[in-house]
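Everything below concerns the one structure shown next.
2 protein chains.
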Amino acid sequence: MTVSPARQRILQIANLEVRPGELQVLADGKRAGLTVREFELFFMLAERVDSVVQRPQIYTAIWGGTMQRRDRSVDVLVRKVRAKLELVAPGWTYIHTHFGIGYRFSPERVT
Amino acid sequence: MTVSPARQRILQIANLEVRPGELQVLADGKRAGLTVREFELFFMLAERVDSVVQRPQIYTAIWGGTMQRRDRSVDVLVRKVRAKLELVAPGWTYIHTHFGIGYRFSPERVT
DNA sequence: ACACGGCTTCACCAGTTCTTCACCAGCTCG
DNA sequence: CGAGCTGGTGAAGAACTGGTGAAGCCGTGT
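Chains as they are written, first to last, in the working numbering: chain X, 1 to 111; chain W, 112 to 222.
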């Protein structure tokens with residue numbers, strides 16, 4: 001991921017601290033330990049808080065090109081990000097599924 | 112490395128004493144004996160404690176220019192710094208790897 | 001010319017991450 | 001309710017990244 005100045009600004013969302021320049025996400029001070037790909041997914045959704053982003057858009061943003069029918073790459077990546085966030089921030093959910101459409105980022109307590 | 116006034120201040124981090132003006136690092140009073148290049152790497156990371164610094168940034172800071180794909184210079188230099196620090200401060204780790212991203216300086220006891 | 005120290009590059013290996021597949025669960029609509 | 005999709009999930013092999021030891025190069029001093 002390119003480090004453009006616009007991405008350097010640190011974001012504070014709910015209990016998360018997002019450092020684009022470091023490709024790091026911290027939940028309550030704990031590192032999520034996302035990989036580069038995972039961070040890209042997380043970040044593109046986090047930039048659009050509360051917006052439902054369609055699968056093909058996500059695919060293009062991360063892999064470029066067009067998403068093929070029944071390509072599961074996005075789903076698998078979402079799963080991994082969810083899992084890592086769950087580890088550092090149990091009791092929170094961040095990525096919500098919109099059936100047949102895509103995903104939406106929005107931090108919510110669940111406990 | 113240019114010795115600018117801003118870099119003259121002695122840093123105390125964990126069991127380390129860093130003297131930018133002398134390009135020296137001491138661990139519990141023992142000199143690490145870093146070379147100039149090695150000190151540059153060490154210092155640029157130490158200045159940003161707890162921040163993940165991306166490989167290309169490190170490269171540019173030390174060698175200037177752009178890092179080519181699969182250029183291993185940074186890795187090798189990190190290895191040498193780690194080795195010398197290990198000699199004077201066994202039981203400590205300072206430079207942590209962030210896979211696919213870069214390195215982060217943060218003194219930690221390991222023993 | 002030679003020895004030496006430091007820097008760069010290379011090759012091999014280990015560990016991590018990515019991609020894809022298969023199977024299952026949940027949702028939608030007739 | 002049942003068929004057909006869509007998404008969740010775990011796993012395996014491929015692909016990639018970083019750790020490491022060593023050889024080669026270069027400049028300096030002997």
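Cβ atoms here follow ideal geometry from the backbone N, Cα and C, with glycine treated the same way. Keep in mind that this is a model prediction, so the values were computed, not measured.
### Query
Looking at C-alpha atoms only, which residue of W/P131, W/T204 and W/S217 is the closest neighbour of W/R120?
W/P131
### Task
Can you give me the Cβ contacts of W/G144 inside the same chain, cut-off strictly under 7 Å, excluding the 5 residues immediately before and after it?
K195
### Message
Suppose you measure from the CA of W/I169 to the CA of W/L152; what does that come to, to the nearest Å?
### Response
7 Å
### Query
Which residues in the same chain have their Cβ closer than 7 Å to the Cβ of X/Q24, if we skip the five residues on either side of it in sequence?
R31
### Task
Using 10 angstroms around the beta-carbon of W/H209, count the other beta-carbons present and answer buried if the total reaches 16, otherwise exposed.
buried
### Task
For W/V160, return the contacting residues in chain X, with the cut-off set at a CB-CB distance below 9 Å.
Near W/V160 there are no residues of chain X at all, since even the closest Cβ is about 13 Å away, more than 9 Å.
### Message
Just verifying my parser: in three-state terms, what is the DSSP assignment at X/I62?
### Response
helix
### Message
Just to confirm my understanding: we take X/D151, look at its own chain, exclude 5 residues before and 5 after, and list those with CB closer than 8 Å. What are they?
### Response
Absent from the structure is residue 151 of chain X, since the part of chain X shown begins at 1 and ends at 111.
### Query
Run through DSSP, which three-state label would X/P20 get?
helix
### Query
Looking at the structure shown, is X/R79 part of a helix, part of a strand, or coil, going by DSSP?
helix
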